[in-house]
Structures are given as structure tokens and as C-alpha cells.
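Peer 1:
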Amino acid sequence: MTIRSVLIANRGEIAVRIIKAAKALGIRTVQVHSAADADMLAVKLADEAINIGSPAPKKSYLNIEAIIAAARTAGVDAVHPGYGFLSENGDFADAVAAAGMIFIGPSGEAIRLLGDKVAAREIAKRAGVPTVPGSDGRVADIDAAEAIAEHVGFPMMIKAAAGGGGRGIRIVQSLAELREQFPLASAEAAAAFGDGGLYMEKVITRARHIEVQIFGDGRNFVHCFERECSLQRRRQKVWEEAQAFLLPDDIRQRLCASAVALAAEVGYRGAGTVEYLYDEDSRQFYFIEVNTRIQVEHPVTEMITGIDLVQEMFKVAGGAPLSLSQSDIRTRGHAIECRINAEDPAKGFLPAPGTVTRLSIPEGEGIRFDTMLYAGYTVPPFYDSLLGKLIVWAEDRNACLDRLASALSNLTIEGLPTTIPLHLALARDPSVRKGAFHTRFLESWLETDFAAVDGVSTEVA
Numbered sequence: 001m002t003i004r005s006v007l008i009a010n011r012g013e014i015a016v017r018i019i020k021a022a023k024a025l026g027i028r029t030v031q032v033h034s035a036a037d038a039d040m041l042a043v044k045l046a047d048e049a050i051n052i053g054s055p056a057p058k059k060s061y062l063n064i065e066a067i068i069a070a071a072r073t074a075g076v077d078a079v080h081p082g083y084g085f086l087s088e089n090g091d092f093a094d095a096v097a098a099a100g101m102i103f104i105g106p107s108g109e110a111i112r113l114l115g116d117k118v119a120a121r122e123i124a125k126r127a128g129v130p131t132v133p134g135s136d137g138r139v140a141d142i143d144a145a146e147a148i149a150e151h152v153g154f155p156m157m158i159k160a161a162a163g164g165g166g167r168g169i170r171i172v173q174s175l176a177e178l179r180e181q182f183p184l185a186s187a188e189a190a191a192a193f194g195d196g197g198l199y200m201e202k203v204i205t206r207a208r209h210i211e212v213q214i215f216g217d218g219r220n221f222v223h224c225f226e227r228e229c230s231l232q233r234r235r236q237k238v239w240e241e242a243q244a245f246l247l248p249d250d251i252r253q254r255l256c257a258s259a260v261a262l263a264a265e266v267g268y269r270g271a272g273t274v275e276y277l278y279d280e281d282s283r284q285f286y287f288i289e290v291n292t293r294i295q296v297e298h299p300v301t302e303m304i305t306g307i308d309l310v311q312e313m314f315k316v317a318g319g320a321p322l323s324l325s326q327s328d329i330r331t332r333g334h335a336i337e338c339r340i341n342a343e344d345p346a347k348g349f350l351p352a353p354g355t356v357t358r359l360s361i362p363e364g365e366g367i368r369f370d371t372m373l374y375a376g377y378t379v380p381p382f383y384d385s386l387l388g389k390l391i392v393w394a395e396d397r398n399a400c401l402d403r404l405a406s407a408l409s410n411l412t413i414e415g416l417p418t419t420i421p422l423h424l425a426l427a428r429d430p431s432v433r434k435g436a437f438h439t440r441f442l443e444s445w446l447e448t449d450f451a452a453v454d455g456v457s458t459e460v461a
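For the sequence shown, the UniProt record's numbering gives the first residue as 1, with consecutive numbering after it.
1) When burial is assigned at 16 or more other CB atoms within 10 Å of the CB, is A451 buried or exposed?
2) Since E265 contacts I148 with CB under 8 Å, what's their CB separation in whole angstroms?
3) Taking 7 Å as the cut-off, is the C-beta of R233 nearer than that to any heavy atom in the ligand GDP?
4) List, from N- to C-terminal side, the beta strand (DSSP E) runs of 3 residues or more that fit wholly inside the region 376–400.
5) Give the straight-line distance between the Cα atoms of V456 and I64, rounded to the nearest whole angstrom.
6) Kindly list the residues whose CB is nearer than 6 Å to the CB of A427, restricted to its own chain and excluding five residues on each side of it in sequence; keep chain order.
7) Between the region 124–144 and the region 97–108, are three or more C-beta pairs nearer than 8 Å?
8) Between the Cα of A110 and those of V290, F314, P381 and E275, spot the shortest distance and give me the residue it belongs to.
9) Closest to V43 by CA distance: which of K20, A56 and A160 is it?
10) Pull up the distance between the alpha-carbon of G435 and that of L246, whole angstroms please.
11) Once the 5 residues before and after Q311 are set aside, which same chain residues still bring their CB inside 7 Å of it?
12) If the criterion is Cβ atoms closer than 8 Å, does the pair G318 and G267 meet it?
13) In three-state DSSP terms, what is Q326?
14) So which of P55, D37, R126 and H438 has the shortest CA-CA distance to A49?
15) Going by beta-carbon coordinates alone, are S174 and F154 separated by less than 8 Å?
16) Once the 5 residues before and after residue 468 are set aside, which same chain residues still bring their CB inside 6 Å of it?
17) Taking Cβ positions, are G163 and A190 nearer each other than 8 Å?
18) Under three-state DSSP, which class holds H438?
19) Enumerate in chain order the residues of its own chain whose CB-to-CB distance from A119 is below 6 Å, with the five nearest sequence positions on each side excluded.
20) In angstroms, rounded to a whole number, what distance separates the CA positions of Y61 and N341?
21) Where do the N-terminal and C-terminal ends of the alpha helix (DSSP H) with residue 475 fall, by residue?
22) Since F314 is in the beta strand (DSSP E), which residue starts that stretch and which ends it?
23) What residue range is occupied by the uninterrupted beta strand (DSSP E) comprising D249?
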């Protein structure tokens, strides 16, 4: 069926992004919000807004019953979950379908299957996708964990089977550390994800984080090439690029083909991302996980391919076949995305909610700013600190970095600290400009190179 109306079960910049895509397709939009978000930009842009509860996420954006009730009241055809919150909750997808509405994403069964990291590893193996050496399934107990570590070798990662987003991971360097951390990791996983199951993987040192954007309609499957997300802090992505600058073409082709094979293995429907670690020394890539939703960093893919991924999600969810074949998808130029957060770099990146007193957004060719901000908006303290994403495109990477530095210099957010200075320093850093970084680069860089930057205001850039 053609989707005529949609409820956005999210907030912030992704809610704004979904509303804009829906309106471009003539779809009526209904925005749910917590009591703390009554004045957010998405509420102002939507055709209708419904308060679903108090500020705490469990009472609002994680409250399945409240969201389904709002969708019924509004009489919508579909629900878009965005990213985070309930976007990778199979029970939510099932609840939407049971209520007679379309969940804009994969089925609840597919979400659960791919969300279980151990099951996803097995699917990857069946599809012929290389996986990081480690446990063959969940680790039964500490004795089994020790046997795996002795066979594979340290350092090892202990990972939550139901984890994601860089959470639920512990690195151990020895049997003594393994014995200490294993029960703690299980307890942490049970508390965070409701599942104390663990699996183990070998640590790939100096790895690059590469991911492939996939899309499927249940029968046909394509990739929209890859992104690099190696610049991370505490395993959280900070900066993303498309394409991966130093990835050899033959590796790129095999990487993207493996992602499509995995999508076909499960009959994937909607937008998704297959994440990998790439070992430059051995020229080998390894499967990490599948994200069964739109990614925060999807705009860099849109910038180099010209494809509106969110609009395509609406079309496929409404029953249309993929509008593109693999041969239709081409790339041009280079794109970089910076996540602008309400955090204070001078105070260990502590979240710093507050009121935006002045906002000036750069404009021009190849510049895009996806945001929820407006002058006078008060950023609430209850949610993720992401304020927006500055995305820049140019014909090549060097030109893109130059344009990014210029755009960052002209992006002004006054009234609260932001991470603009961090990104400006990165855009000018010689190692970053050469592409000489990996997933652990940023942590040490913050202690040395960024700490040495003087005279940078965290409030106005």
C-alpha cells in the first residue's frame, strides 16, 4: 500500500530528517514527543504532534504502548523508528504490525536475528563473509572463555551478545583479566540489554572501521558503497567519510559484495548497514555486526550517490520494489560528516545542555547541516547530546577537508559548549589529512595534539 501518513517514533535531528523526506513525498507527518520536547523543531515542522509522556525515555520514546496508542489515535499508515530508542527492537516492529500499521524497517524477526551478535556471526559465515577469530557462538562459562582465549590468543574482546553501539565491550590482555572481567561483563550486559550472554573476539590492533550501506526489498538487494568511521571516542563514532579513502578497489569490491550476500541470506528489507573491521597490514576485512536501521551517518552516502535513503525507505516499506539496480548506483566526489554535540571538550566532553542564544549555519555548494536547533531552543538534559551533523562534499578528499574547515569556522552555536573546535582541529591535523588513522587514533590524539591547541573557544566557532 502507498503510505499516506507516518508517525515518527523518535526525536532530534533524525525526526526532522524523516519529516522532510515524508513531506517531499506528500506524506502527512505525526510527531510524538515527551513533555521535555514540546518545543523541539520536529514538533513545529510536523502536521500533528502528540505528547506521549514524561521526559524519561522509558516513559516516552521507549514506551511501546504509548507510541502505538498515539499512532492509533492519529490514524497513521506507518511508523518510522529513526535510529536509537526502539529502532532495533523487534517487539516494537511486531507491535506496529499487529496494530495494522507498517513498520518502516525490517521485520521484527529479522531485527531480532541480526540484533543477536552471535546469530549474526553465524549468518555472516553462511554467506561467506569473514568473521573475526573468536568463539563459535555464546561462551558458556569462564572455563570455555579461557579455552577460547588460549586458542585464539590475547588481547581479546568480551562482547555482549545483545549489545550494540559500542556498548557492552571489554578488552582483556591476560587470563587474570579475563577471569576478573568475564562475570562483570555478563552482569553489565544483563543490566543494559536484558541478556547476560557473551561472546568473544580477537582484538584487531590498528584496525579501520568500514561499513557498507545496504538496501533490500526482500527480493532484490544492493549496496550504496562504503563509509569509513574510524575516528571514534570510547567506541562512539565522531566523524564519518564516504568513501573509505585508503581502501584498495579490489578490497572495496569484495567488501561490498559480501554485504549484499549477507542481505540476500536473510531476505533483508529496508535500509541497513553491515559493519566491518579492516586490517591494513593483512588487507583482510572482518564482519562485526548489522545495524537494522538508518544510520546517523547516512548523509555522507547520500552526498556521494545522490540517493535519498529515507525517501527510499518509505517507498520500499509501502510495497514498491527497489527503484535502483546495482548498476544504477554510482559515486562522485568525497563527503565527510562531523557530529556536533553539546559537550565541552575542555571538561572531558561532559554533556552540556543549555539554551541556544545564537545560531548561524554556513551555506554554499556541497554544505549540508542536519539539525534540530533554532535560536532560543533549550537543549534538554535527558537525551543524547547530538545537536546536528555538518556534512560537506567536494570533488576529492583534500578539497572536502578544506571546505569542511571553512564550514566549521563559519558554524556558530552560542549559548552552550559544542564539539566544533574538536572537528576544526581534526580537519587541519596532518595525520587526519593523510588518512593515517585507525579506531584507536583519536583517544591518544585527544591527549596530545588536541590538548596542545590553544585559544580555542568551545562555545563559539
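Glycine included, every Cβ here is placed at the ideal spot set by N, Cα and C.
Peer 2: The short version:
1) With fewer than 16 neighbouring CB atoms inside 10 Å of its own CB, A451 falls in the exposed class.
2) The beta carbons of E265 and I148 sit about 25 Å from each other, so the pair does not count as a contact at 8 Å.
3) For the ligand GDP, the structure offers nothing, since it holds no ligand at all.
4) List check, beta strand (DSSP E) in window: 386–394.
5) Low confidence applies to V456: its pLDDT is 45, below 50, so where it sits in the model is not reliable enough to give any reading.
6) Shown here for A427: same chain residues with a beta carbon closer than 6 Å to its own, the five before and five after excluded, namely L401, L404 and A405 in chain order.
7) Judged by pairs of C-beta atoms under 8 Å, the region 124–144 does not touch the region 97–108, as fewer than three such pairs exist.
8) The closest CA to that of A110, considering only V290, F314, P381 and E275, is found on V290.
9) The option with the nearest alpha carbon to V43 is K20.
10) For G435 and L246, the distance between alpha carbons rounds to 7 Å.
11) Spatial neighbours of Q311 in its own chain (CB-CB distance under 7 Å, excluding positions within 5 residues in sequence) are listed in chain order as A21, A24 and L25.
12) Contact flag unset, no.
13) In the structure shown, Q326 sits in a helix (DSSP, three-state: H, G or I).
14) Closest by alpha carbon: D37.
15) Yes.
16) Any property of residue 468 remains undetermined from this structure, which presents the chain solely from 1 to 461.
17) Contact: no.
18) Under the three-state reduction of DSSP output, H438 falls in the coil class, being neither helix nor strand.
19) Closer than 6 Å at the Cβ level, and outside the excluded window around A119, lie L113.
20) If I take the Cα positions, the gap works out to 20 Å.
21) For the chain, the structure presents residues 1 to 461; residue 475 sits outside this window and is missing.
22) The continuous stretches of beta strand (DSSP E) do not include F314, which lies in the alpha helix (DSSP H) extending over residues L309 to A317.
23) D249 -> not in any beta strand (DSSP E); alpha helix (DSSP H) instead, spanning D249 to E265.
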